[in-house]
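Notes to accompany the following structure.
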Amino acid sequence: MKNYVFETRMEVRDYECDIEGIVNNANYMHYIEHTRHLFIRSKGVSFAEMHAKGVDAVVVKATMRYKKPLRCDDVFISRLAVRKERIRYVFEQDIFLESDNSLCFSSVIELVCLVDGKLAVSEEYDRILNDN
105 MKNYVFETRM EVRDYECDIE GIVNNANYMH YIEHTRHLFI RSKGVSFAEM HAKGVDAVVV
165 KATMRYKKPL RCDDVFISRL AVRKERIRYV FEQDIFLESD NSLCFSSVIE LVCLVDGKLA
225 VSEEYDRILN DN
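Under this note's numbering, the first residue of the sequence shown is numbered 105, with each subsequent residue one higher.
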């Protein structure tokens with residue numbers, strides 16, 4: 105069982121679906137990115153403010169598994185677990201259909217920080233992770 109430290113509830117909007125009536129695969133990246141931003145905000149840190157300070161968290165690797173399609177108007181829960189591995193921040197992010205808690209999408213997203221454009225450790229991101 106993953107140790108989820110954050111979750112948020114979202115709803116599929118009609119324009120996110122393709123001709124087959126299911127969520128287009130690219131939108132899952134938007135969902136989990138928004139979840140990471142909300143998580144950081146819940147810790148009192150703004151993603152935009154971090155950028156203004158010269159600190160950018162960037163995705164270096166994404167592994168995604170599509171398990172069950174989301175459809176228009178589905179309500180889902182996006183959850184994340186996070187850990188640090190050397191200079192990488194590893195987010196395990198899953199999406200569950202709210203109605204039956206079935207797993208729809210699973211991912212592992214690896215980020216690193218650029219401080220003033222150079223690969224570096226971010227004390228603020230480390231503080232966020234140590235807060236869990």
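Idealized CB from N, CA, C, for every residue including glycine.
Beta-carbon gap between residue i and residue j smaller than 8 angstroms
i, j, result
"Tyr70", "Arg183", "Nothing can be reported for residue 70: it is not among the residues displayed for the chain, which extend from 105 to 236."
"Ile126", "Val163", "no"
"Phe180", "Leu207", "no"
"Thr139", "Gln197", "yes"
Option nearest residue i by Cα separation, candidates the options
i, options, result
"Lys106", "Arg187, His138, Leu201", "Arg187"
"Arg96", "Asp204, Ser226, Glu153", "The requested residue 96 does not occur in the structure, where the chain is confined to residues 105 to 236."
"Phe110", "His141, Tyr132, Glu124, Ala130", "His141"
"Thr167", "Ala161, Tyr132, Cys121", "Tyr132"
"Lys165", "Phe195, His155, Met154", "Phe195"
Residue i versus residue j - alpha carbon distance
i, j, result
"Pro173", "Leu215", "26 angstroms"
"Ile232", "Gly221", "21 angstroms"
"Ile144", "Asp204", "28 angstroms"
"Arg117", "Cys176", "6 angstroms"
"Val159", "Leu218", "6 angstroms"
"Phe209", "Tyr193", "20 angstroms"
"Leu170", "Tyr229", "Note on identity: in this sequence residue 170 is Tyr, with Leu being the wrong assignment. Cα to Cα, Tyr170 sits roughly 29 angstroms from Tyr229."
"Asp235", "Asn128", "34 angstroms"
"Lys157", "Ala224", "14 angstroms"
"Ser272", "Glu120", "In the structure displayed, the chain extends from 105 to 236; residue 272 sits before or after that span and is not available."
"Lys147", "Asp178", "28 angstroms"
Span of the beta strand (DSSP E) around residue i
i, result
"Leu184", "179-189"
"Glu115", "110-115"
"Arg192", "192-201"
"Leu207", "207-219"
Opening and closing residue of the alpha helix (DSSP H) in which residue i lies
i, result
"Ser146", "129-146"
Near the ligand FAD: residue i beta-carbon under 7 angstroms from a heavy atom
i, result
"Leu215", "What this structure holds is no ligand at all, so the ligand FAD is not there to describe."
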